[in-house]
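As structure tokens, the structure follows; a few thoughts come after it.
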Amino acid sequence: MSSLKYLVGYPEPVLEQVRALIAAGKLEAHLRERYGEAHAVRNDRALYDYTVEMKNRWMRTAPPLAKVAYDNHLHVVQQALGTHTSVSRVQGGRLKASREIRIATVFRDAPAEFLRMIVVHELAHLKHREHDKAFYQLCTHMAGDYHQLEFDTRLYLTQLSLAGQG
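For reference, each letter of the sequence shown is one residue, going 1 to 166 in the UniProt record's numbering.
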């Protein structure tokens, strides 16, 4: 079923439960009941402050962030919910790295927990480039319910896709 493109790799019994929610027209209500309304992080400055506050709480020794912004050009269809980049520039005789995080604009209207999951994910990339065991350990350290939030974010994206918004 192409409507479950965000849930590829999950076990068939889980996918059957999701299909049953979709068939009954209850997926949106399930997510709304569990996560409520959107967050208040509406602009790039608020997103930067939110992300830096989380970075300072969980990753004090990580390098500073130069920019954090919502990005209209990130297409969730290509599995990019957010990106992290490190741009190196030569300044005088030194090499300086500037780190940026960009979050897909679809998360501007998402529940707060989903934005938190995306920010945690991108912050973890400051320390671990690959999605390996250490990466996911850091994610669950910053957000104990990370794996559940990741799954529910995928459900949210599935709902948006079914509604023609994703």
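Think of the CB as a built atom: it goes at the ideal place given N, C-alpha and C, for glycine as much as any other residue.
Would you tell me roughly how many angstroms separate the C-alpha atoms of residue i and residue j, rounded to the nearest one?
i, j, result
"V77", "P63", "Any reading at V77 must be qualified, since the residue scores a pLDDT of 47, below 50, and its modelled position is unreliable; the value itself is stated next. Each residue's alpha carbon lies about 30 Å from the other."
"R102", "V41", "14 Å"
"M1", "L15", "The pLDDT assigned to M1 is 46, lower than 50, so where the model puts this residue is not dependable; a value taken from the coordinates is nonetheless given after this. Distance between the alpha carbons of M1 and L15 is about 10 Å."
"F130", "A69", "Note on identity: in this sequence residue 130 is Glu, with Phe being the wrong assignment. Approximately 22 Å between the Cα atoms of the pair."
"A38", "D109", "5 Å"
"E122", "A23", "33 Å"
"L138", "Y10", "22 Å"
"S161", "G93", "49 Å"
"N43", "K67", "13 Å"
"Y146", "A29", "21 Å"
"G164", "S3", "11 Å"
Would a C-beta distance cut-off of 7 Å place residue i and residue j closer than the cut-off?
i, j, result
"T158", "F114", "no"
"Y6", "P111", "no"
"R99", "L65", "yes"
"A143", "V106", "no"
"H125", "A134", "no"
"L21", "Y156", "no"
With a 10 Å radius around its C-beta and 16 neighbouring C-beta atoms as the bar for buried, classify residue i as buried or exposed.
i, result
"P13", "exposed"
"A104", "buried"
"K26", "exposed"
"T51", "buried"
"A97", "exposed"
"V18", "buried"
Since residue i is in the beta strand (DSSP E), which residue starts that stretch and which ends it?
i, result
"V68", "65 to 71"
Locate the alpha helix (DSSP H) running through residue i, then write down its first and last residues.
i, result
"M117", "112 to 127"
"N43", "Taken as a continuous stretch (DSSP letters only), N43 belongs to no alpha helix (DSSP H), as it is neither H nor E."
"T153", "146 to 162"
"R34", "27 to 35"
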